[in-house]
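Remember, the working numbering sits 509 above the position in the sequence shown when you count from 1. Glycine included, every Cβ here is placed at the ideal spot set by N, Cα and C.
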Amino acid sequence: MRSLRLLLGSAARLPNVAEPLSPDSDAAAGCHAFVERGTRIGVDVGKARVGVAKCDPDRVMATPLETLQRDKKQRSDLRRIAELAHEYDAMCVYVGLPVNLEGEHTPSTKDALRFARQLERMLGTVPVRLLDERLSTVSAQRQLHEAGRTIKSSRSVIDQAAAVEILENALDAERRLDVWAGQSLAEACAN
């Protein structure tokens, strides 16, 4: 089967740019003033499913990992992402922040913020950053459709594809500016 990376390669990139981090905020967030080599995890939080992707330590390519069922009661989805982050020695976990086209928070935004906050508690020292993910699922669906896949036949991979899209946007921003992409939880909650 063709790599999902090839299916998403031509997708448009959204700006997800972070300001350079100060040394004080770096220590509090577990980040550094420069972006380090190492694996990152991308997460697309949906109402029913969570897509997970990872990149290689050199930050060259994002690849799909898993689609998890949301589990608000037992939190098995959060535990699995924490396991993956530790298994791959992730330097950072990027969670997509769904905002509307005007950049305003929605009920889905609040759900993603809650999810990210719980994940950050489980991860301990691995920072969680939030990335504007406007249209990431739409872009992933379009790319899969262009590759001949229907939405119905793509259900099992669409969330992973959206996670790949989120992570690739983060990696692009990191490479461009040599800073962590997105926002910390504190920054995202302040908006």
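Short check: CB of residue i to CB of residue j, under 9 angstroms?
i, j, result
"D586", "V559", "yes"
"V602", "I667", "no"
"D580", "T572", "no"
"K619", "L593", "no"
"G605", "E642", "yes"
"V544", "A672", "no"
"A699", "A690", "no"
"Q627", "R589", "no"
"V561", "L574", "yes"
"L639", "E683", "no"
Kindly indicate the opening and closing residues of the alpha helix (DSSP H) around residue i.
i, result
"K619", "616 to 632"
"E545", "First-last for E545: undefined, no H or E at that position."
"D586", "585 to 596"
Round the Cβ separation of residue i and residue j to the nearest angstrom and send it over; I've been treating them as touching at under 8 angstroms.
i, j, result
"A625", "V637", "5 angstroms"
"P607", "A621", "6 angstroms"
Who are residue i's beta bridge partners in DSSP?
i, result
"S693", "R638"
"I550", "K563, V602"
"V608", "H614"
"R558", "Q578"
For the beta strand (DSSP E) containing residue i, list its first residue and its last residue.
i, result
"E575", "571 to 578"
Which word fits residue i, buried or exposed, when buried means at least 16 other C-beta atoms lie within 10 angstroms of its C-beta?
i, result
"T576", "buried"
"L632", "buried"
"P532", "Reliability fails at P532, whose pLDDT of 28 lies under 50, so the model's placement of it is uncertain and no value is given."
"A670", "buried"
"E677", "buried"
"Q692", "buried"
Check whether the Cβ of residue i lies closer than 8 angstroms to any heavy atom of the ligand HEM, and answer yes or no.
i, result
"A599", "Absence of the ligand HEM from the depicted structure is noted, as is the absence of any ligand whatsoever, leaving it without description."
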